[in-house]
Structures are given as structure tokens and as C-alpha cells.
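Read the structure below first, then the notes.
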Amino acid sequence: MFFFKIVQLINSSYKIYILSLTGILMITISSIDPFSVATAAPIYGGTIVTVPGVGNAPPAAINDFNPLLSTSFYDSQAAQFMYQPLLWINRELHVDYKLSIAKKIIVGPEHRTFTICFHKFWRWSDGTPVNASDLIYTFELIKKLGPRFPGYDVGGIPNYIKSIDKVNNYEVRIVTTRSVNPTWFEMDGLAMLTPLPEQAWGGDSISYLYDHMTNNKFFNVVDGPFIISQYKSGRYVSFIPNKNFTGHDKPYISHLVLKFLHSSISTYFAMKSGAIQIGDLPASLYKAHNNLPGYRLITVGPSWSFNFLGFNYANKDISFVRNRNIRWAIASAINQKMFIKILGHGYGARAYGVVPSKPERFLSPKAHIVLSKGIYNLQRADVLLRSAGWIMHRDHFRYKNGRKLQFTIYVPASSMRAPILLSAMLRKIGVDVHLRERPFNEIMADFINPLNHHWQAIYMSWGSGYFPTDSMLFKCGGKLNGFHYCDKRFDYLASKLSNSKNINDFYKYQDYFTTQQPVIILPNTKVFVMTAKNIHGLARAFSPLGTFNPQFLWIGKKIK
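So for the sequence shown, full-length UniProt numbering puts the first residue at 1; every next one is plus one.
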């Protein structure tokens with residue numbers, strides 16, 4: 001799964017989510033773990049008001065509920081409340097077939113045939129069984145959408161699929177064009193196939209689906225725990241339990257409301273007034289959490305993602321970033337420990353590669369070593385820059401042939417705290433960094449425009465796939481490669497992952513990424529969340545992978 005984060009991944013689908021870093025870092029709060037407080041049996045009823053992106057990103061509006069069309073984290077999060085994934089990936093990065101639509105997957109001996117067997121208890125809210133036809137319908141929609149589908153060509157979907165056929169009502173057989181790595185294909189490909197109600201949508205055109213992305217009456221046939229009750233554009237969306245939900249975990253609350261606030265500060269004041277019961281607390285306001293006496297502070301995440309400083313390699317004004325030594329000098333100048341101390345009050349996790357550090361399932365042995373030692377080294381940064389011809393002048397900036405070593409970073413609104421610290425660190429090695437605050441949507445538009453060679457750098461985060469190759473983000477000419485980065489060696493190593501079952505090939509891929517630093521990897525994050533003291537079920541509601549599952553929340557006695 002993937003996404004840029006607007007300051008993290010979804011439970012079942014690959015989507016682009018852009019999140020800007022806000023300096024929210026891993027923190028351990030208080031001597032009592034609020035997730036482990038013993039409580040009485042869950043109570044049914046009540047309303048919980050929160051914001052889109054809670055536990056993951058600053059709040060924003062929701063503009064689409066269709067899981068195949070949405071291109072923001074917020075839209076996909078809302079869609080997850082209503083549509084069950086084919087494969088439910090748990091917090092240890094394994095498929096939990098108990099919670100999945102699929103009961104099991106039978107892989108053929110040559111790893112070209114995948115027979116997906118469905119549980120028979122899943123039902124749409126209109127009583128129709130969730131079956132093979134719904135999965136095939138989803139796949140046919142993806143083919144019609146083509147590159148407009150945000151996850152197009154990720155995990156082999158749809159181009160690696162030679163045929164997809166209905167064996168019976170509860171079995172689908174997929175034949176791939178060649179032998180594939182089952183782990184890669186299932187976690188990167190099949191995991192983003194969300195069965196959709198063919199009996200309700202089957203007669204609708206692609207244009208019709210786009211025209212009704214926010215029509216709550218269109219989304220009246222669901223198989224997830226919630227269904228839309230009311231949607232007010234630019235204001236809020238409310239959900240009620242799907243009374244015909246056949247899954248294992250029926251919602252406890254009667255209403256869930258997501259208010260469309262537009263900054264972390266507004267979330268704080270909404271909690272101060274009691275208008276919302278759960279909301280993220282910016283790290284800059286950490287000390288102010290005591291000013292919310294009816295709330296308690298918890299931490300969630302970090303999401304399955306990586307944070308980065310990315311460059312536009314097509315921009316001739318910063319052609320120096322094409323030199324790996326320059327990128328390594330920049331990476332060596334970033335004191336991640338200090339980053340964490342200042343922005344995270346002393347707690348956090350260093351990160352240097354494309355594979356997130358938690359959970360550790362896919363980390364290479366070399367990655368463990370790098371994570372333990374770190375790479376901060378100003379002397380090395382100086383040597384690398386001087387060897388590339390960049391000499392420090394009296395103004396304490398570096399020049400080469402009369403040209404100054406400088407670039408401008410686009411920063412989403414209200415996200416300046418961390419970039420300011422980053423620019424101060426790079427100034428120590430003579431790099432002049434300019435910061436320009438812009439609306440997030442404008443930054444995203446520049447990034448995804450393949451003809452835009454004008455922007456220079458961006459400060460963002462990327463939600464990884466469950467099998468975290470993320471090759472489409474860096475592949476030469478890749479659909480998501482707004483960096484215009486190209487490395488044939490990287491492409492070769494990434495291409496092997498789709499059919500190699502040898503974990504060492506994956507280790508080679510991630511280690512090569514770390515040595516090249518196509519983007520400068522920054523510390524991973526946790527998020528501070530304030531929650532009303534009478535809300536329970538938080539440990540299951542917030543997943544370490546970045547998902548929010550409100551069906552596990554319930555309202556009871558206040559926790560002291």
C-alpha cells in the first residue's frame with residue numbers, strides 16, 4: 001500500500017496520500033499505559049466526534065468515498081469504514097484471514113495460479129452475499145480506469161494478470177503472466193483489491209462513479225462496519241453502524257462524526273471547547289496537553305511509512321543532487337538524534353532506508369546495523385562536499401564555479417517547524433536552504449505533473465506497501481516518480497522482487513537504496529493523540545500500521 005502523507009497507510013488499498021511532516025515524533029507518555037488500563041465490558045451507544053486523519057495526519061476535508069478513485073489518505077480512510085478488504089493485513093504484516101473477505105489463497109506449484117477462496121458469511125447491507133463476482137467486478141473497473149487508478153501497475157495489478165475467472169460463487173482463480181513472488185503479489189497486489197458491490201454498481205459507467213464520489217445515497221450498499229448517515233461538503237461526514245454487518249466486530253457506538261477542520265491548532269481548540277472527543281496534538285503543543293483536563297494523552301504509530309526530503313532531479317538549477325556524494329553529505333549532516341530531542345521531546349526512531357523500522361519483519365541485517373549506529377558525521381559531509389568541488393566561503397556558504405549550493409523546499413501550510421530545524425542543520429555544512437510555504441494541493445499538483453521541472457525540493461512522507469518495495473516511486477519513468485529520479489541498477493534490483501522468493505534479493509534492494517539515498521530519509525514518527533477519558537478500545541482502534549478502526553471504540557466510565 002502506499003501514500004504520500006499530509007502530516008500515514010491504509011488498511012487494504014494502495015493509495016497516494018501526501019502528508020507533510022509536522023515534527024510529530026515518537027514519545028512515551030506517563031507511567032501508565034492508557035492502552036492497557038483495565039475496563040469493564042464494552043457499552044453500546046453514544047456519539048464520538050473526531051477529525052479525518054486522526055492518529056496519522058493533520059485534519060483535512062474528505063472529498064471522495066469510492067475506494068478505487070480516491071487519491072488522498074483522508075478519502076481512503078473513510079472508504080475503509082464501509083468496505084472490507086480482500087486481505088486484512090495485521091500489525092505484524094501478516095494476512096489475518098479471520099478478518100479478511102478471503103478465507104485462504106491456494107498458490108499453484110509454479111507460482112502463477114492463485115485461487116482465492118471466500119468466506120461465506122460476508123454479506124452486503126442489502127443481504128446479497130459478497131462473492132467472486134464482486135472481486136472480478138473490481139478488477140474490471142481497475143482495467144477500465146487504467147492509469148487513473150492510483151495503484152495502477154503496483155503489485156502487478158492489472159498488468160501481471162493474464163486471466164481472472166470465477167470458479168464458483170466463492171472462488172476466483174487468477175493466472176499471472178509469469179511466475180511471481182507470492183508474498184509480493186499477495187501483499188502488494190491482491191491486498192489492494194477491495195470487492196465492490198457488483199449488483200449495486202454494475203450498471204454504472206466510470207463517469208457516473210466520478211460524478212457520485214460524494215453522493216452518500218450512492219454508497220448505501222456496503223459490507224463494512226459503518227455506512228454514511230450524512231455528508232455536508234466542507235463541514236463534516238457522519239457514519240452510523242451498518243446494521244447488517246456480518247463481520248466479527250460490530251461497532252459499539254451509535255454515531256461517528258468526522259469534522260472537517262483544517263489545522264492541528266483548530267483541532268486543539270475544538271478539544272478545549274469539547275467539540276471533538278479525539279484529536280491529534282501537535283508536538284509543538286505537547287506541554288499544553290495538561291490544559292485539556294477532560295482528556296488523556298496517548299501515542300500511536302509510527303505508521304508504516306518513511307519520511308523524506310525529496311528533490312526534482314530534472315531541475316537543472318539543482319543538478320548537483322544527481323551526485324550521490326552530495327546526497328550523502330546532506331544525509332550525514334542531519335542529526336537525527338537532535339531532531340528527535342528537539343521535536344519529539346527526547347523520544348523517536350532513526351530511519352535511513354525505504355523499509356520502515358517497525359515492525360522489523362523486512363529489515364535487512366545491514367539496516368539493523370545502520371539504525372543502531374546512525375550516520376550523522378559533519379566531518380564526512382565536509383569531505384564529500386569538498387571532493388565534489390564545493391568550497392566554503394567567508395559567508396559560510398559553499399560555492400563551485402561561482403554557483404551557490406542552495407535549494408528551495410516546498411512546505412505544506414502549518415508544517416514549518418521541522419523544515420526550519422532541517423535548514424539550520426544543513427547550514428552548518430554550508431548549504432543555503434530556503435523554505436516556501438504553499439497549499440498542500442498545489443505542492444501535490446506540482447509533484448505529480450511529469451512536465452514540471454521547476455520545483456526543487458519537497459518535505460513529505462510516503463506510506464509504504466505491505467511488501468515495501470515502493471519501486472513505482474523511484475522507477476525510471478514510473479507513474480508516481482515525480483522526482484524524475486532514474487537509476488538502472490535500482491530498477492534491476494526492484495524488478496527481481498516480483499518473482500524472487502529469496503529474501504536476500506529484497507535485502508540487496510533496500511541496502512542499495514540506503515547507499516544511494518534517492519531521497520534523504522528522516523526520522524520516523526509517532527503521533528500524540530488526545531482522547532476523552534471516557535473513550536475505550538483505543539489499542540485496537542489505532543493500528544501501528546497507521547489505520548484507524550473506530551468500530552472498536554466504546555464510551556464508558558472515565559479513566560483517571
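For each residue, glycine too, the CB sits at the ideal point set by N, CA and C.
Q.
Whole angstroms are fine: how far does the CA of ILE105 sit from the CA of LYS341?
A. 45 Å
Q: Name the two residues that bound the continuous beta strand (DSSP E) containing LYS400.
A: 398–400
Q. To the nearest whole angstrom, what separates the beta carbons of ALA132 and ASN169, a pair I think is in contact under 8 Å?
A. 6 Å
**Q.** Where SER372 falls, given that 16 or more other Cβ within 10 Å makes a residue buried
**A.** exposed
Q. If you run the structure through DSSP and keep just helix, strand and coil, what is residue 561?
A. Limits of the chain in this structure are 1 at one end and 560 at the other, which puts residue 561 out of reach.
Q | Close beta carbons around ASN549, own chain, < 6 Å, minus the five adjacent residues each side | A | ALA541
Q: Tell me where the alpha helix (DSSP H) around GLN77 begins and ends.
A: 73–82
Q: Express the C-alpha separation of LYS404 and PHE483 in angstroms, rounding to a whole number.
A: 22 Å
**Q.** Alpha carbon of TYR466 to alpha carbon of ILE559, nearest angstrom
**A.** 35 Å
Q) Enumerated in chain order, which unbroken segments of the alpha helix (DSSP H) with a length of 4 residues or greater are wholly contained in the segment 110–192? A) 132–145
(Q) Which residue marks the beginning of the alpha helix (DSSP H) containing ARG361, and which one marks its end? (A) Taken as a continuous stretch (DSSP letters only), ARG361 belongs to no alpha helix (DSSP H), as it is neither H nor E.
Q.
Once the 5 residues before and after ARG489 are set aside, which same chain residues still bring their CB inside 6 Å of it?
A. none
Q | For TYR160 and HIS345, the rounded distance between their alpha carbons | A | 47 Å
Q. When DSSP labels each residue in this structure, what does THR214 get in the three-state scheme?
A. coil
Q) What are the start and end residues of the beta strand (DSSP E) that includes PRO412? A) 406–412
Q. Since VAL354 and PRO468 are thought to touch, with beta carbons under 8 Å apart, how far apart are those beta carbons, to the nearest angstrom?
A. 6 Å
Q | MET187 burial status per 10 Å Cβ neighbour count (16 or more: buried) | A | buried
Q | Stretch-stretch touch, CB-based, cutoff 8 Å, three pairs: the segment 470–479 with the segment 314–334 | A | no
Q.
I'd like to know if the segment 292–309 and the segment 531–546 are in contact, where contact means that at least 3 CB-CB pairs between them fall below 8 Å.
A. yes
Q.
Rounded to whole angstroms, what is the Cα-Cα separation between GLY402 and HIS396?
A. 14 Å
Q. Between which two residues does the alpha helix (DSSP H) harbouring MET271 extend?
A. 264–272
Q | Cβ-based burial, VAL167 [other Cβ within 10 Å; buried from 16] | A | exposed
Q: Report yes if the C-beta distance between PRO158 and ILE142 is below 7 Å; otherwise report no.
A: yes
Q.
List, from N- to C-terminal side, the alpha helix (DSSP H) runs of 4 residues or more that fit wholly inside the segment 470–515.
A. 471–474 and 488–496
(Q) Is the separation between the beta-carbon of PHE407 and that of ALA457 shorter than 7 Å? (A) yes
(Q) For a quick check, are the C-beta atoms of THR194 and PRO52 less than 7 Å apart? (A) no
Q. Are the Cβ atoms of SER414 and SER263 separated by less than 7 Å?
A. yes
Q.
Alpha carbons only, please: which of PRO147, TYR208, VAL519 and ALA539 is nearest the one belonging to ARG322?
A. VAL519
Q: Could you give the DSSP three-state label for GLN199: helix, strand or coil?
A: helix
Q) TYR231 bridges to which residues according to DSSP? A) VAL237
Q) If we ignore side chains and look at the alpha-carbon of each, how far apart do ILE62 and PRO359 end up? A) 29 Å
Q. For GLN8, which of helix, strand or coil comes out of DSSP?
A. Residue confidence is low: GLN8 scores 32 on pLDDT, short of 50, so the model does not pin down where it sits. Its coordinate-derived value is still stated next. If DSSP states are grouped into helix, strand and coil, GLN8 belongs with coil.
Q: Evaluate contact between the segment 245–263 and the segment 500–511, counting only Cβ atoms and requiring at least three cross-stretch pairs below 8 Å.
A: no
Q.
Less than 6 Å separating the Cβ of ALA418 from some heavy atom of the ligand ZN?
A. Absence of the ligand ZN is noted for the structure shown, with no ligands found whatsoever.
Q: Determine the DSSP secondary structure at HIS94, reduced to helix, strand or coil.
A: coil
Q. Relative to the C-alpha of SER284, which residue among LEU497, ARG417 and VAL130 is closest?
A. ARG417
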